[in-house]
Structure formats: structure tokens, C-alpha cells
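One structure below.
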Amino acid sequence: MPAPHVRFAPSPTGFLHVGSARVALFNWMFARHHGGTMALRIEDTDPARSRDELVEGIERTLRWLALDWDGEVVRQSQRLHLYREAAAQLTAEGLTYWCDCTRETVVARAGSPTSGYDGYCRDRGLSIGPSTALRLRTPDDGETVVHDIVRGEVRFDHASLEDFVVVRADTTPTFLLANAVDDADMGITHVVRGEDLLASTPKALLVRRALGHADDPVFAHLPLLVDEQRRKLSKRRHAVAVEEYREKGYLPEAMRNYLALLGWAPSGDREIVPIEEMVAEFELEAVNKSPAFFDRQKLDHINAEYLRALPVATFVRESLPWLMDDAPWPPENLDPAAFEAVAPLVQARVRTLGEVPQMVDFLFLEAPNVEDDAWEKGVARVPAAAVVLDDAIAAFEECHWDPTALHEAMVTVAEGHGLKLSKAQAPVRVAVTGRTVGPPLFESLHVLGRERTLERLRAARDRLAAGHPSPR
Ligand code: GLU
């Protein structure tokens with residue numbers, strides 16, 4: 045295949061939708077696999093959307109995902125003259141007409157809010173004016189066939205294609221015109237995009253052909269992303285912004301790896317695959333046409349695997365921003381050495397970097413933030429809690445302060461009350477960390493230190509005594 049030229053063509057919305065990021069990734073993998081190029085084209089003909097910060101946001105998120113593009117960013121807002129010339133060409137060739145119908149008049153004539161434009165102004169001979177839009181006259185007979193790598197040959201009857209607007213009454217070009225002009229002008233060979241745009245493809249092809257471009261690009265419409273109930277992902281119901289995942293502490297490599305699995309699969313039933321291998325294997329022909337389930341649990345699992353695979357020093361470095369910004373403890377309490385000491389244990393247990401602070405907050409808070417549920421479950425409702433705490437205090441005052449000795453001391457306490465270690469450990473864990481789950485207890489106590497551990501055990505003992513008279 046000659047080197048393909050593809051484009052990722054987002055419309056600025058203020059965030060990058062995961063579906064859109066998946067489109068970018070598939071374009072990118074396809075281009076890189078075949079030694080081609082990927083352009084970044086911002087479809088910002090809508091003046092309200094063509095703000096620099098929205099465009100920079102898209103660039104930033106693509107860079108975060110390490111998806112690079114070739115050449116300068118193309119902005120449709122800077123190419124309005126091309127669309128104007130194209131409209132003039134179509135008009136000079138008699139392929140368009142001016143129309144002053146409003147949505148309301150179209151609906152009133154058709155008697156149905158969903159029907160398309162009826163061609164009312166085709167022969168009215170209107171001319172350009174403040175309330176006239178320019179429509180392309182579509183053929184009445186025949187069909188347009190879209191050759192789609194994913195969906196096969198998709199046929200569209202011209203009888204059901206309305207004469208659509210190419211320039212609005214406010215003189216701005218429509219998506220269809222700008223998109224078709226640019227794909228031709230930029231020499232795009234393959235149009236890889238979301239399935240939601242398939243229905244508009246015959247229109248884009250009609251514009252393109254009307255402008256004299258005989259060759260169609262090859263299309264690949266990627267399957268929609270849906271939730272577990274097969275509903276389309278929506279901003280209202282789902283976390284759809286890549287930026288949101290970034291803020292929650294997903295790694296870009298994990299995110300990219302996960303996005304690659306949405307409608308495509310690397311060989312050998314593998315989920316976690318280095319990007320170079322995916323690029324080497326990627327083929328649009330292998331993209332699935334059924335909707336792809338956006339599975340948060342699978343994403344979490346993949347992110348957890350990527351986190352575990354980091355060298356500890358990298359994990360520490362990546363975690364630091366989460367420990368420094370908006371942390372629940374006074375900033376000066378953060379003790380990097382203490383965090384480093386527990387980092388391997390934390391690394392094995394978190395799914396996202398955003399979960400790191402809650403795993404280690406007991407180290408940096410003056411007193412643990414004891415959640416009511418945890419207190420109830422781990423202390424108040426444990427009959428032996430008071431005696432276990434008393435014995436643990438006594439044992440921890442004396443024993444060596446290392447994880448093995450703490451473990452042994454606690455085993456003795458548990459045996460003394462005929463309890464399993466895990467049962468006896470629960471009140472201690474809640475007293476010291478405030479939670480029922482967390483990194484391994486004895487390593488945690490070791491890092492926290494004897495004084496602070498005893499202080500917290502005594503505080504819990506007092507709290508318990510205040511609420512429940514001591515049995516001894
Ligand atoms: N700008 C369109 C969108 O964001 C995509 C156009 C295309 O890829 O052809 O939905």
C-alpha cells in the first residue's frame with residue numbers, strides 16, 4: 045500500500061471524549077503501521093468553538109497519550125476562504141441553490157419533525173441574502189456507495205438524501221462542506237472516524253464529487269462505545285473525558301493500551317501489549333463492527349497492572365503530585381522517606397494514582413481519620429476489641445520495632461484470646477489507620493513508629509471506654 049495520509053479531525057468541545065481519543069489512536073496506529081502520516085485538523089468553523097484554549101486542550105491531551113501528529117495543526121477557522129471558494133465553484137456550476145426555509149416551515153410542510161428537507165426552494169430562483177442558506181442539489185435517482193473497511197459496502201439511496209445545506213445563512217460553511225473540502229485538499233487517503241458519522245458520508249462524497257474529485261478516500265467507521273447496558277456513552281451518565289481519567293491518576297500508557305482494545309484486539313488473547321507491538325500488528329481490516337463495551341473495571345485492571353510494572357522509584361515520583369496537591373494533611377507533614385518505605389506495598393494495591401493518598405494518609409495526618417463505618421465494623425462491634433487493644437499496647441511498648449517482631453507480638457495477643465490473627469488485627473488497624481483495609485499492617489506500623497502507634501491505640505482505647513465500659 046502507498047503510504048496513507050490520515051487525519052484526526054476533532055471538533056473542539058472543551059475535553060477529549062474517550063471515543064474521540066480511540067479514533068485518534070486508531071488513525072495513529074494505522075498511519076504508523078504503514079509508514080504514513082497523520083494530520084491533526086481542528087474542525088472549528090463554529091466561531092464559539094474556535095477558541096485557542098480549546099484547541100490547546102486537545103493538543104495537550106493527545107500529547108499526554110503520546111499520540112503525535114505530522115505537520116502543523118490545521119485549523120478550519122483559518123481556511124474559511126477555501127470553503128467560500130468551493131461554494132462559489134459549486135454555485136457557478138449550477139449545483140446549488142439558495143433557500144430561505146426555516147426548520148419550522150420545513151416541518152410544517154412535511155407534517156413531521158423528523159423528515160428531511162423537501163426541495164421546496166429548488167426552482168424558486170432565490171439569491172443570496174441575510175436569511176438564505178446554500179443547499180447542494182442532490183441527485184434524485186441512483187445511489188452512493190461507501191466503501192468501508194469495517195462495514196463493507198454501505199449503500200445510500202439518493203431518493204432519501206435531502207438537498208443539504210453547505211453554507212448557512214450566517215455565511216459559515218457547514219461541517220459537510222469544510223470536511224469534504226479539507227479531506228480532498230489535504231490528500232487524505234483514509235478517513236477513520238466514529239460510526240456516528242457514517243450517515244453523513246454519502247453527503248460528503250457528493251460534495252467531493254461535485255467539486256471534481258473523482259477518487260473517494262477509503263473509509264473505516266469505528267464501532268460506537270457503549271456501557272454495560274449497551275447505551276451509548278454520554279457525558280451526562282458516564283465519565284467520558286480523557287482529562288478526567290488523567291486527573292484520577294490513570295497512566296497514559298495504560299489508557300492508550302485500553303483504548304486500543306475498543307473494537308480491536310492484538311493477537312494471542314493478550315490485553316496488555318506494548319504500543320510498538322500493537323502498531324506492528326494493527327490493521328483496520330481487523331476492527332470489529334459491533335459496538336465496543338467501555339469497561340471501567342477492565343480499564344482499572346489494566347491501569348493497576350501498568351502501575352505495578354513501574355520501577356518503584358518511578359511509582360514514587362508519579363505519586364508525589366497526588367500527595368502534594370489537595371492532600372488531606374498539612375503539606376509540611378508529607379514525609380517522602382516514609383512514603384518511599386511503604387511505596388512498594390501501596391503500588392501493589394492501588395488501581396489509580398488517585399487512590400494513593402487514602403492508602404497512606406495515616407502516615408501524614410496528625411490523627412487518623414477514623415471513618416464511622418470502619419470504627420463500627422473493626423472496633424465497636426468486635427467483642428474482644430478492648431482487651432485486644434490493651435494487650436497490643438502492652439506488647440508494642442516492649443517489642444522490637446520491626447515488622448517481624450510486631451507480627452509475632454500480635455500473634456501472641458490473638459492466641460491469648462483464641463482469635464485468628466486477622467480478627468485480632470482489625471481493631472489495631474482501624475485504631476491506627478482509620479480504615480479496615482490498607483497496606484499490610486505491620487509494615488505500616490513499622491513506618492509510623494512506636495510513639496505514634498501507641499498514641500493512636502490509647503486514643504482508640506479511650507474512645508471505646510467512653511462508649512463501652514471496659515470488661516476488665
Ligand atoms: N469533527 C468531527 C467530530 O468531531 C469528525 C469529523 C471526521 O472525522 O470526519 O465529530
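When the letters of the sequence shown are read in order and numbered with the working numbering, they come out as residues 45 to 516. Heads up, the beta-carbon is just placed ideally off N, CA and C, and yes, glycines get one too.
Beta-carbon contacts of residue i that lie in its chain and below 7 Å, excluding the five residues immediately before and after
i    : result
V251 : L180, V210, L220, L221 and A224
R381 : Before going further, note that residue 381 is Ala rather than Arg in the sequence given. There are no such residues.
L295 : N347, Y350 and L351
T245 : V190 and F263
W72  : M82 and L111
P483 : V386, L389, V390, R393 and M403
Reference residue i, options the options, closest by Cα
i    : options                   : result
E100 : P54, H125, Y302 and L124  : P54
V37  : T57, L84, V62 and R66     : Missing from the structure shown is residue 37; the chain here goes from 45 to 516 and no further.
G79  : A439, A324, E452 and E291 : A324
G160 : V118, A177 and F208       : F208
A510 : A424, G460 and G482       : A424
Check: residue i C-beta below 7 Å from any heavy atom of the ligand GLU
i    : result
A53  : yes
V235 : yes
N332 : no
E87  : yes
L241 : yes
N223 : yes
C-alpha gap between residue i and residue j, whole angstroms
i    : j    : result
P374 : V404 : 14 Å
D16  : K333 : Residue 16 lies beyond the stretch modelled for the chain, which goes from 45 to 516, so this question has no answer here.
H444 : N347 : 38 Å
L498 : W113 : 57 Å
R395 : D184 : 56 Å
Q391 : Y350 : 10 Å
E376 : R95  : 39 Å
H61  : I316 : 22 Å
R479 : G398 : 17 Å
W489 : D446 : The amino acid at residue 489 is misidentified as Trp; the sequence shows Leu. So the alpha carbons of these two residues sit roughly 8 Å apart.
A136 : G63  : 39 Å
E420 : D435 : 20 Å
V189 : V236 : 17 Å
I86  : H125 : 16 Å
D313 : M322 : 13 Å
P513 : V286 : The predicted position of P513 is uncertain, since its pLDDT is 47 and thus under 50; a value taken from the coordinates is nonetheless stated next. P513 and V286: Cα-Cα distance of roughly 53 Å.
A330 : M45  : 17 Å
A176 : G138 : Strictly speaking, residue 176 in this sequence is Thr, with Ala absent from that position. Near 16 Å, if we compare the C-alpha coordinates of G138 and T176.
F200 : R93  : 31 Å
V481 : R393 : 10 Å
L134 : R290 : 45 Å
E272 : R340 : 10 Å
A213 : L178 : 8 Å
A228 : E320 : 30 Å
A65  : S121 : 22 Å
P267 : V356 : 38 Å
DSSP-derived helix/strand/coil call for residue i
i    : result
Y350 : helix
G398 : helix
T140 : strand
H345 : helix
P217 : strand
T497 : helix
M322 : helix
L60  : coil
M82  : strand
G462 : coil
L489 : helix
A53  : coil
G196 : strand
F337 : strand
H202 : helix
R393 : coil
T477 : helix
T448 : helix
H257 : coil
K276 : strand
Contacts around residue i, its chain only, beta-carbon distance under 8 Å, and the 5 residues preceding and following it disregarded
i    : result
P372 : P401, D405, L409 and N413
P515 : With a pLDDT of only 44 at P515, under the threshold of 50, the placement of this residue in the model should not be trusted; the figure read from the coordinates follows. For P515, where only same-chain residues beyond five positions count, the Cβ hits under 8 Å are A430 and V431.
I437 : L498, L501, R502 and R505
L328 : F70, F74, I193, V194, H234, V236 and A264
Beta-carbon contacts of residue i that lie in its chain and below 6 Å, excluding the five residues immediately before and after
i    : result
A458 : L465 and A468
F338 : L269 and L277
V472 : A436
L109 : P296 and R300
Residue i beta carbon near the ligand SAH (any heavy atom closer than 7 Å)
i   : result
I86 : Within the structure as shown, the ligand SAH is missing, the only ligands being the ligand GLU.
Residue i at chain D interface by Cβ criterion, 8 Å
i   : result
P46 : Given the protein chain composition of this structure (a single chain), no chain D is represented.
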